[in-house]
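In our numbering, the protein residues as written are 606 to 1000. Glycine residues also receive a C-beta, built at the ideal position from the N, C-alpha and C atoms. All values derive from a computational prediction rather than experimental measurement. Worksheet for the structure shown next.
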Amino acid sequence: MNLFSFKEESYLSFVFDIRDTSISIAATKFEINKKPEIIYCQNFKIDNYDMDISKKYTASMIKTLDRAILTTRKNLIKIGNRGIINKYFFFIGSPWSVSQSKMIKIIKDKAFILDSGFLEKIVLSEEDKIEKEIENNSKGIDWKIIEDKIIQSKLNGYKIDKIYEKKARDVEVSIFVSFVPQEILNKISLTIDNKFIKKEINSCILSSFTFLRDLYLDKNDFIYIDIGEIITDIYVVRDDVVFGIISFPFGEKNIIQSVSQISGFSEDLVLSSINIKCQGKCEKNEHDRLEKFLKIGMSKWFEKFNETIIKICSEKDIPRNIFILPNTDLVRNFAEKIKVGDSLELFKKFDIEMNTTIIEESVLDDFITNGRVFKKEPYIKMALIFLNNNFNKIS
């Protein structure tokens, strides 16, 4: 399925990265055989993010989306850019989207020719099952598909790009499907109520998975950890296929709250101390004291992480590679602890030697013009790389 329909000439697009407590928006230029160029980029905080009051939480996110678009348009004019925005790309993360992967196997006694209609019926049937399962677990929210993508195909056990009109007895197809509540899709449609402006919606997971798969060709099995402010997303990749996806409601804010309770410091003071520590300006006694509190405060996250991996993988299926993309000082500190094996009791128990890669934002900047001008926006830069690759493939 082709998700993209770019024109050959250059133009300006709005790219959104919607997360648990913030929305980033980048006005970007895409041109054939060139790096994407960021013209303007800004992050907007979602003020009310009480997950227990879902309607209020969603309303706050939608209000922030309106504010982000209006502010960005005004600021583009202020810097002298009056270009027409004719494309909107939305990358939606937790809790606003739900993604699942599914492996479909077809084995017959005799060889048969696989046609697109036959496979489409099977894929649609699986998507219906996934949608019903999600709706049953989400208190009646009306979920709609935003993307369905075949991420790997095998005929008779061998990976192959084009599977139609080929003869086989054993067919294996891995699909990736993402859903978003109808309410959010309606809002996006109202926001872009213009037939001349095109919009495309994807999950944040798809952009990160594609980036990692293409950049690290030698690592076909890995765990990706995305620690948000109130939600942690984890997915496991095996043999270049998303094997399992899971989230739990415990992120940076929860870690800071835990450290605050243990240390007696206010949350602002804890966060300030972490920032000072990460900049190497912390005295040794204070550094050691903070490390002690952080280790205790992070222990609950590690417990949830270990429980999550066990739900996705058995001992023999646990990948040895971990990828983390830090977007704050706290996540960077956290990533360093994971890199040295601190508190990953699950892997120690099974005597698994881990290889942790901390993806620096500078790695992403190498693929983007003006990337270094706009700092601490790794997620949206990953989305831009994903879009640019697809732009150049079909142009």
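Between ILE850 and THR913, which are expected to be in contact by the criterion C-beta below 8 Å, what is the C-beta distance as a whole number of angstroms?
Contact doesn't hold; Cβ gap of about 10 Å is too wide.
Are TYR645 and ASN691 touching if we call contact CB-CB under 7 Å?
no
Segments assigned beta strand (DSSP E), at least 3 residues, entirely inside the segment 892 to 939
926 to 929
In three-state DSSP terms, what is PHE609?
Any answer about PHE609 is weak, because its pLDDT of 46 lies below 50 and its placement is not dependable; what the coordinates show is given next. Here PHE609 sits in coil by DSSP.
Just to confirm, are PHE827 and PRO924 a CB contact at a threshold of 7 Å?
yes
Kindly indicate which residue of ILE806, ILE768 and LYS981 has the alpha-carbon position closest to the one of PHE991.
ILE806
Roughly how many angstroms separate the alpha carbons of ASP720 and ASP775, rounded to a whole number?
14 Å
Please name the residue or residues paired with TYR616 in a DSSP beta bridge.
PHE635
Looking at C-beta atoms only, is the number of pairs between the segment 620 to 629 and the segment 695 to 703 that lie closer than 8 Å three or more?
yes
Here's a check: name, in chain order, each residue in its chain whose Cβ is nearer than 7 Å to the Cβ of ASN653, leaving out the five neighbours to either side.
LYS661, TYR662 and SER665
Grab me the residues of LYS749's own chain with a C-beta within less than 7 Å of its C-beta, minus the 5 sequence neighbours each way, in chain order.
PHE784, VAL785, GLN787 and LEU790
Would you please verify whether the beta carbon of ILE850 is less than 7 Å from any beta carbon of chain D?
Absent from the structure is chain D; it holds one protein chain and no more.
Spell out the partners DSSP gives ALA773 in its beta bridges.
PHE717
What do you get for LYS612, buried or exposed, if any count of 16 or more other CB atoms within 10 angstroms of its CB means buried?
Unreliable positioning characterises LYS612 in this predicted model, as indicated by a pLDDT of 43, which lies under 50. A coordinate reading is not provided.
contact_flag[the segment 765 to 779, the segment 717 to 732] where n(CB pairs < 8 Å) is 3 or more
yes
With ILE973 and LYS944 assumed to form a contact (beta carbons below 8 Å), what rounded beta-carbon distance in angstroms separates them?
Wrong, their Cβ atoms sit about 25 Å apart, outside the cutoff.
Quick one, which of ILE755, ILE684, ILE765 and SER659 has its alpha-carbon nearest ILE746's?
SER659
Span separating the alpha-carbon of ILE836 from that of ILE860:
11 Å
For LYS897, does the count of other Cβ atoms within 10 angstroms reach 16, so buried, or fall short, so exposed?
exposed
For ILE644, which three-state DSSP category applies?
strand
With respect to the beta strand (DSSP E) encompassing ARG977, which residues constitute its N-terminal and C-terminal limits?
ARG977 -> no beta strand (DSSP E), and no H or E assigned at all.
Threshold first: 4 residues or longer. Then list the alpha helix (DSSP H) segments lying entirely within the segment 806 to 837, N to C.
809 to 820
Distance, Cα to Cα, LYS998 vs GLN647?
28 Å
GLY856 to TYR984 span [Cα, whole Å]:
16 Å
Could you name the residues of the same chain whose beta carbon sits closer than 6 Å to that of SER702, not counting the 5 residues immediately before and after it, in chain order?
SER783, VAL785 and SER808
When you compare only the Cα positions, how much space is there between GLY976 and THR633?
11 Å
From THR815 to ILE682, what distance separates their C-alpha atoms?
34 Å
beta-carbon GLU732 near the ligand FMN non-hydrogen atom, thresh 6 Å:
Although the ligand FMN was asked about, the structure shown includes no ligands whatsoever.
Tell me the residue span of the alpha helix (DSSP H) that contains THR601.
Given that the chain is displayed from residue 606 to residue 1000, the structure contains no residue 601 and the question cannot be resolved.
Is GLY688 helix, strand or coil by DSSP?
coil
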